[in-house]
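**Q**
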Ligand code: CAA
Ligand code: NAD
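In the numbering used here, the protein residues as written are 42 to 338.
1) How many Å lie between residue 320 and residue 260 at the Cα?
2) When burial is assigned at 16 or more other CB atoms within 10 Å of the CB, is residue 210 buried or exposed?
3) When the Cα atoms are used, what is the spatial distance from residue 97 to residue 89?
4) Where do the ends of the beta strand (DSSP E) carrying residue 122 lie?
5) In whole angstroms, give me the CA-to-CA distance for residue 94 and residue 61.
6) Spatial neighbours of residue 233 within its chain, please: C-beta separation below 8 Å, excluding the five flanking residues on both sides.
7) What residue range is occupied by the uninterrupted beta strand (DSSP E) comprising residue 230?
8) Applying the criterion that 16 or more other CB atoms from any shown protein chain within 10 Å of the CB defines a buried residue, is residue 271 buried or exposed?
9) I want to check one thing, is the minimum distance from the CB of residue 190 to the heavy atoms of the ligand NAD below 7 Å?
10) Would you check if the distance between the CB atom of residue 381 and the CB atom of residue 250 is smaller than 8 Å?
11) For residue 308, which of helix, strand or coil comes out of DSSP?
12) Check this for me: beta carbons of residue 44 and residue 73, under 8 Å apart or not?
13) Please confirm whether any heavy atom of the ligand NAD lies closer than 7 Å to the CB of residue 168.
14) Mind checking residue 269: buried by the 16 CB within 10 Å criterion, or exposed?
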């Protein structure tokens, strides 16, 4: 199962990063969005990120100006944007990174099963849903894995590779090798809620939000406590803004619904309220903090 051409569906916060690291890893990439405006926005983010990374490489003396220019041009040249699903037909691997909604993901995979060549591997970047349900919907459960990247994809060095009981070991290996070729440390996990990272991380974020909701400490102090007491790069409330309050809520709603007796899964009141108010975190300029572009105010 040789992977040369990769399709990525959804070019949002995660999808644009996956497109970029796949191109950096030498793969030809089709970046698909249903909407031309969203596609343009995603490709714009890639351009800005490549420009940042190349400037940093020049500053650190890792590349000359000319090499940096060539690197950006070659990487960008591997990416083709499309709003037509037919452009995915000859991809060897198709990774889904759309909104965290299981019904929408399942119907997307059911449709892709009839469009993309039979030998292709399908992967979902879901944060929380069972891979098996999407694998069954796709009609090719043996060629289906979870490929869970982390935000920001360009900088976070992990990918979780998730197998179901039906995943063909050759498809699993091919997906894992793809992650490694993109410069990531790949870890294997079974199809369990949250895989490794989110099973630990999301309940921690919930505890921090509940602490804030109870008035135990300010958001600044909760964040400073974890940053300076535990050496985390950002505190849990900044991280919730960074991940997106809508995505965090969707993860928790799915889990609470499926596992009502698991005490680690619960939904803080302020999370529901803020999402209802459209305060989704960094991407909308307000969540637990106010944001100006990428920077917290
Ligand atoms: N592309 C290129 N460069 C980028 C970038 C991007 N997308 N994002 C940030 N950078 C650059 C910045 O420009 C900056 O460059 P300079 O030093 O040259 O100015 C550099 O990276 C560092 O960024 P910042 O100064 O903004 O801030 P920082 O030092 O705190 O680093 C961080 C940012 C790497 C994100 C760090 O704060 C961090 O590791 N945070 C934790 C992130 C985390 O936990 N992610 C996992 C979320 S959970 C998840 O993803 C799973 C899920 O399913 C929900
Ligand atoms: P996002 O809202 O930033 O991006 C989703 C993108 O998908 C949008 O650009 C939207 O236009 C597009 N989209 C929605 N429906 C589509 C469809 N039917 N066809 C094509 N495009 C469609 O969300 P995100 O944060 O990038 O999350 C994407 C996925 O990655 C989710 O499953 C999420 O749980 C997972 N994830 C998120 C994070 C995170 O920190 N935000 C980390 C790891 C995994």
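From the three backbone atoms N, C-alpha and C, an ideal C-beta is built for every residue, glycine too. Small disclaimer: the values here were computed from a predicted structure and weren't measured.
**A** From the atom records:
1) 16 Å
2) exposed
3) 12 Å
4) 120-123
5) 11 Å
6) 240
7) 226-231
8) exposed
9) yes
10) Here the chain covers residues 42 to 338 and nothing more, so residue 381 does not appear.
11) coil
12) no
13) yes
14) exposed
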